[in-house]
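To keep things clear, I will list the structure first and then write my remarks on it.
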Amino acid sequence: MSDGRALARAYLEQQRLLGTDAVPLPPAAAPVPVQPESVAPEPKAPATKPVELPPAGLTFDPPARDLFTADPLQQVTTLAGVAELVAPCTRCRLCESRTKTVPGEGPAQARLVCVGEGPGRTEDETGRPFVGQAGELLTKILGAIGLSRDQVYICNVVKCRPPQNRTPLYDEIAACVPYLFRQLELIQPRVILAMGNTAAQTLLDTKQSLGALRGRIHRFRGTPVIVTYHPAALLRNPNWKKPTWDDVRIAHRLLDD
Ligand code: SF4
Numbered sequence: 002m003s004d005g006r007a008l009a010r011a012y013l014e015q016q017r018l019l020g021t022d023a024v025p026l027p028p029a030a031a032p033v034p035v036q037p038e039s040v041a042p043e044p045k046a047p048a049t050k051p052v053e054l055p056p057a058g059l060t061f062d063p064p065a066r067d068l069f070t071a072d073p074l075q076q077v078t079t080l081a082g083v084a085e086l087v088a089p090c091t092r093c094r095l096c097e098s099r100t101k102t103v104p105g106e107g108p109a110q111a112r113l114v115c116v117g118e119g120p121g122r123t124e125d126e127t128g129r130p131f132v133g134q135a136g137e138l139l140t141k142i143l144g145a146i147g148l149s150r151d152q153v154y155i156c157n158v159v160k161c162r163p164p165q166n167r168t169p170l171y172d173e174i175a176a177c178v179p180y181l182f183r184q185l186e187l188i189q190p191r192v193i194l195a196m197g198n199t200a201a202q203t204l205l206d207t208k209q210s211l212g213a214l215r216g217r218i219h220r221f222r223g224t225p226v227i228v229t230y231h232p233a234a235l236l237r238n239p240n241w242k243k244p245t246w247d248d249v250r251i252a253h254r255l256l257d258d
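In terms of the working numbering, the sequence shown opens at residue 2 and continues consecutively.
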């Protein structure tokens, strides 16, 4: 397939994902004459406005690894090592109701890390993050910027499912967040996509709302953090797809910079 056709197809897929129906079609009364295949013009990719980078936002710079600590989490040097520590963890009450821990998955050299809130029912059963309906939507969102799921590291703030999918409590987040911080330390991504209030507020150490945090380039230990809606929220409110697309395009541009 030519580049033009591939771009046009990607554009139409993005429009479908966003629920936009503004795809221009030739009027029925004026059919476009069929041209011989050899001279048929290739469809031009619709002009897309270049993404403008938003202003700088918050910076959170928690202390990094202490080489002299006896903390086993600080001693591990791989994501698998972090997962091994998470598996038997009883640091908070969420261990009592979990089926499986969900440490996260993806390549250790991922350029993009997506952080959600916590595992849901399917994730708790499988031990994998974002495998339900919200996961399918996340896979589509990543596909729209040309990334396959296995190119991205996907994880949550808490690694065990909160009962009835409630929001994790402050002390549960405080107990679990060292795992996330260590994962980010090991991966050293170029961009972090914080999906939803819990991820955004935890990574930026703030109580500001998601609405106030969107549209700025924050920093976690120097790494750009883009805040957007959680895919599960998009399933409930499709009107947030367009702003999510705007956020994801900013993350994409930062990946390429
Ligand atoms: S949520 Fe985190 S801190 Fe709590 S038991 Fe699970 S792994 Fe441990």
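Ideal Cβ placement from N, Cα and C applies to all residues, glycine included.
- Between residue 54 and residue 73, the gap from beta carbon to beta carbon reaches 8 Å or more.
- Judged by DSSP in its simplified three-state form, residue 171 adopts helix.
- Between ligand 1 and residue 199, a heavy atom-to-CB distance of less than 7 Å is absent.
- Between the region 174-193 and the region 114-123 there are three or more C-beta pairs closer than 8 Å, enough to call the two in contact.
- Residue 188 carries a helical assignment under DSSP once its states are collapsed to helix, strand and coil.
- Annotation for residue 84 indicates a beta carbon at 7 Å or more from all heavy atoms of ligand 1.
- In the three-state DSSP reduction, residue 161 falls in the coil class, being neither helix nor strand.
- Sequence-distant Cβ neighbours of residue 226 in its own chain, meaning closer than 6 Å and more than five residues away, are 193, 195, 204, 219.
- In the three-state DSSP reduction, residue 146 falls in the coil class, being neither helix nor strand.
- For residue 220, the uninterrupted beta strand (DSSP E) run begins and ends at 218-221, by DSSP.
- In the DSSP secondary-structure assignment, residue 115 is bridged to 155, 194.
- If you draw a straight line from the Cα of residue 103 to the Cα of residue 256, it comes to about 26 Å.
- Relative to the non-hydrogen atoms of ligand 1, the Cβ of residue 50 never comes closer than 7 Å to any of them.
- In the DSSP assignment, residue 61 is bridged to 221.
- With a threshold of 16 other beta carbon atoms within 10 Å, residue 76 falls short and is exposed.
- By the CB criterion at 8 Å, residue 138 and residue 153 fall outside the cutoff.
- With fewer than 16 other beta carbons inside 10 angstroms of its own, residue 97 counts as exposed.
- By the CB criterion at 8 Å, residue 58 and residue 211 fall outside the cutoff.
- Inclusion of residue 93 in the 7 Å shell around ligand 1 follows from its C-beta lying nearer than that to a non-hydrogen atom of the ligand.
- In this structure, the alpha-carbon of residue 207 lies about 15 Å from that of residue 169.
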